[in-house]
Amino acid sequence: MSETKIRYICALEPEFPEKLKNIPNAPDGIYVRGCLPDPGKKTVSIIGSRNNSEYGRGAAEYFARGLAKHGVQIVSGMARGIDGISQSTALKSGGSSFGILGCGIDVVYPEENRLLYERILEKGGLISEYPPGTPPRAALFPQRNRIISALSDVLLVVEARQRSGTSITVRFALEQGRDIFAVPGRITDPLSYGCNTLIADGAGIATCPEDILEALGLIQGGRNKHRKLNLNKFSGLSETQLKIIRCLDYNPVSINEIASKTGCDLSDLMLELLKLQLLGCIENAGQGFYILKLEVNGDGSR
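Under our numbering, the first residue of the sequence shown carries the number 3, and numbering increases by one thereafter.
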């Protein structure tokens with residue numbers, strides 16, 4: 003287990019992260035609990051909406067899992083929503099994650115992420131420039147965001163509204179010369195407005211982890227390889243199962259709507275939905291709603 007004692011690292015000390023030294027308004031020092039990011043490994047910051055959609059949750063898990071399995075460190079703000087989802091997924095996938103806090107390093111915020119706080123200490127670390135005991139305040143989080151972007155090689159935005167704290171982190175990333183990627187979404191979805199705008203303004207389009215891995219120089223031909231796999235990802239399914247798949251996307255669809263579109267008897271439909279879940283093609287989003295899973299090869303493999 004990582005050391006959990008709180009320590010202060012001055013900007014003049016050798017242990018102070020190199021990536022933080024030359025950014026505008028660099029911190030004079032940081033409080034650390036656990037480990038610092040390994041400078042020899044690639045690091046990606048995954049950020050997004052606190053009030054994410056199911057599509058956003060699936061995308062955050064998809065990218066965090068794929069990156070962590072390639073040894074990429076995940077940095078975020080440990081906030082509810084996309085931040086916490088991506089960090090939890092990275093840890094569950096055997097990776098490491100680092101939380102940058104907008105409060106004292108001994109303060110768990112939000113409280114619902116207490117388990118995540120403890121798990122990060124086992125396989126990563128927590129960082130804050132604010133003294134222990136500092137309560138979370140709105141004015142502290144924008145400054146915190148410059149550290150999130152500075153510690154990364156790539157900043158990935160999963161979901162963001164037109165005006166949000168995410169745009170502040172993006173601005174810092176641009177000032178610091180970091181690469182920015184965004185996950186595209188529906189043009190009618192307010193949670194996708196920020197990402198679609200970033201892409202229109204020149205950010206990289208993130209459609210699979212391989213897009214990010216290729217930008218990091220960890221693989222070659224990632225996008226083309228992913229596209230080829232997608233063409234056959236539902237091979238081997240029955241015609242009824244394919245009808246169901248065509249009704250679904252990454253936003254929840256009710257079982258009644260699926261039955262209406264496919265013409266399937268409800269009892270037969272429930273059996274087919276169960277089979278597709280076991281194959282790993284779809285996911286039960288709760289309360290009779292279903293979504294496609296982002297990682298599918300048709301036979302349930304990943």
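For glycine and all other residues, C-beta sits at the position ideal for the given N, C-alpha and C.
TODO: Name the two residues that bound the continuous alpha helix (DSSP H) containing arginine 248.
DONE: Stepping through the sequence shown from its first residue, residue 248 is reached at position 246. 241-249 is the extent of the alpha helix (DSSP H) around arginine 248.
Task: alanine 13, DSSP secondary structure in three states - done: Start at 1 with the first residue of the sequence shown, and residue 13 comes out as number 11. In this structure, alanine 13 counts as coil in the three-state DSSP scheme.
TODO: Report buried or exposed for cysteine 12, applying the criterion of at least 16 other Cβ atoms within 10 angstroms of its Cβ.
DONE: On the sequence shown, position 10 is the one that residue 12 refers to. Counting of Cβ neighbours within 10 angstroms places cysteine 12 among the exposed residues, the total staying below 16.
- [ ] In angstroms with no decimal places, state the Cα-to-Cα distance between aspartate 213 and lysine 43.
- [x] As a first step, residue 213 is located in the sequence shown; it is residue number 211 there, counting from the start. As a first step, residue 43 is located in the sequence shown; it is residue number 41 there, counting from the start. CA-to-CA, the gap between aspartate 213 and lysine 43 works out to about 18 Å.
TODO: Using a Cβ cut-off of 9 Å (strictly closer), state whether lysine 263 contacts chain D.
DONE: Among the chains of the structure shown, chain D does not appear; only one protein chain is present.
Open item on the list: Distance check for arginine 139 and proline 39, CA to CA, integer angstroms please.
Closed with: For the purposes of this step, residue 39 is taken as the residue at position 37 of the sequence shown. For the purposes of this step, residue 139 is taken as the residue at position 137 of the sequence shown. Each residue's alpha carbon lies about 25 Å from the other.
Open item on the list: Quick check: the segment 73-92 against the segment 45-59, are at least 3 beta-carbon pairs closer than 8 Å?
Closed with: Output reads yes: the segment 73-92 touches the segment 45-59.
- [ ] Write down every uninterrupted run of the beta strand (DSSP E) in the segment 139-198 whose length is 3 residues or greater and which is fully enclosed by it, in chain order.
- [x] Segments of the beta strand (DSSP E) lying fully in the segment 139-198: 156-159 and 181-184.
Task: Closest Cα partner of proline 26 within the set Val185, Gly127 and Asn147 - done: Taking the sequence shown and counting its residues from 1, one reaches residue 26 at position 24. Answer by Cα proximity: Asn147.
Task: DSSP-derived helix/strand/coil call for glutamine 222 - done: The residue you call residue 222 lines up with position 220 of the sequence shown. Residue state, collapsed to three classes: coil.
Task: Segments assigned alpha helix (DSSP H), at least 4 residues, entirely inside the segment 74-121 - done: Listed in chain order, the complete alpha helix (DSSP H) runs (minimum 4 residues) inside the segment 74-121 are 84-94.
Task: For tyrosine 252 and glycine 58, the rounded distance between their alpha carbons - done: By 1-based counting over the sequence shown, the position of residue 58 is 56. By 1-based counting over the sequence shown, the position of residue 252 is 250. So the alpha carbons of these two residues sit roughly 9 Å apart.
Open item on the list: So serine 88 and serine 78 are supposed to be a Cβ contact under 8 Å. How far apart are they, rounded?
Closed with: The residue given as residue 88 occupies position 86 in the sequence shown. The residue given as residue 78 occupies position 76 in the sequence shown. About 6 Å separates the CB atoms of serine 88 and serine 78; that is less than 8 Å, so the two are in contact.
Open item on the list: Rounded to whole angstroms, what is the Cα-Cα separation between serine 130 and tyrosine 195?
Closed with: Indexing the sequence shown from 1 puts residue 130 at position 128. Indexing the sequence shown from 1 puts residue 195 at position 193. Put simply, the backbone Cα of serine 130 is about 30 Å away from that of tyrosine 195.
Task: glycine 63 - containing alpha helix (DSSP H), residue span - done: The sequence position of residue 63 within the sequence shown is 61, counting from 1. Just to set this straight, residue 63 is glutamate in the shown sequence, not glycine. Counted as a single uninterrupted DSSP element, the alpha helix (DSSP H) harbouring glutamate 63 occupies residues 56-70.
Task: Pairwise C-alpha distance: lysine 277 and aspartate 270 - done: Start at 1 with the first residue of the sequence shown, and residue 270 comes out as number 268. Start at 1 with the first residue of the sequence shown, and residue 277 comes out as number 275. Their Cα atoms are separated by approximately 11 Å.
Task: Residue burial classification, alanine 202 (beta-carbon count within 10 angstroms, cutoff 16) - done: Here the question's residue 202 lines up with position 200 in the sequence shown. Alanine 202 is classed as exposed because its beta carbon has fewer than 16 other beta carbons within 10 Å across all chains shown.
Task: Touching by the beta-carbon criterion (3+ pairs, under 8 Å), the segment 171-180 and the segment 154-163 - done: Touching, per the Cβ criterion.
TODO: Give the DSSP-derived three-state secondary structure of leucine 296 in the structure shown.
DONE: Residue numbering aside, residue 296 sits at position 294 when the sequence shown is read from its first letter. Three-state DSSP puts leucine 296 in coil, outside helix and strand.
Task: From Leu275, Cys249 and Leu273, residue whose alpha carbon lies closest to that of lysine 263 - done: As a working note, residue 263 is residue 261 in the sequence shown. Shortest Cα-Cα distance from lysine 263 to any of Leu275, Cys249 and Leu273 involves Cys249.
Task: Given alanine 315 as reference, the closest of Arg116, Pro211, Leu22 and Tyr33 once Cα atoms are compared - done: As displayed, the chain neither begins before 3 nor continues past 304, which places residue 315 out of reach and without an answer.
- [ ] With a threshold of 8 Å, establish whether the CB of serine 194 neighbours any heavy atom of the ligand SAM.
- [x] Of ligands this structure carries none, so the ligand SAM is not represented either.
TODO: May I have the straight-line CA-CA distance separating tyrosine 292 from alanine 66, to the nearest angstrom?
DONE: Locating residue 292 in the sequence shown gives position 290, where the first residue counts as 1. Locating residue 66 in the sequence shown gives position 64, where the first residue counts as 1. Approximately 22 Å, taken between the alpha carbons.
- [ ] Determine which residues share a DSSP beta bridge with isoleucine 49 and list them.
- [x] Numbered from its first residue, the sequence shown carries residue 49 at position 47. Answer by DSSP bridge pairing, in chain order: Val159.
Task: Residues near glutamate 20 by beta carbon distance below 7 Å, same chain, minus five either side - done: Position 18 of the sequence shown, counting from 1, holds the residue named residue 20. If we look at glutamate 20 and ignore the five residues flanking it on each side, its Cβ neighbours are Pro41.
Task: Beta-carbon spacing of glycine 60, glycine 101 below 9 Å - done: Taking the sequence shown and counting its residues from 1, one reaches residue 60 at position 58. Taking the sequence shown and counting its residues from 1, one reaches residue 101 at position 99. Glycine 60 is not a Cβ neighbour of glycine 101, given a cutoff of 9 Å.
Open item on the list: Going by DSSP in three states, isoleucine 201 sits in which element: helix, strand or coil?
Closed with: Here residue 201 refers to the residue found at position 199 when the sequence shown is read from its first residue. Three-state result, isoleucine 201: helix.
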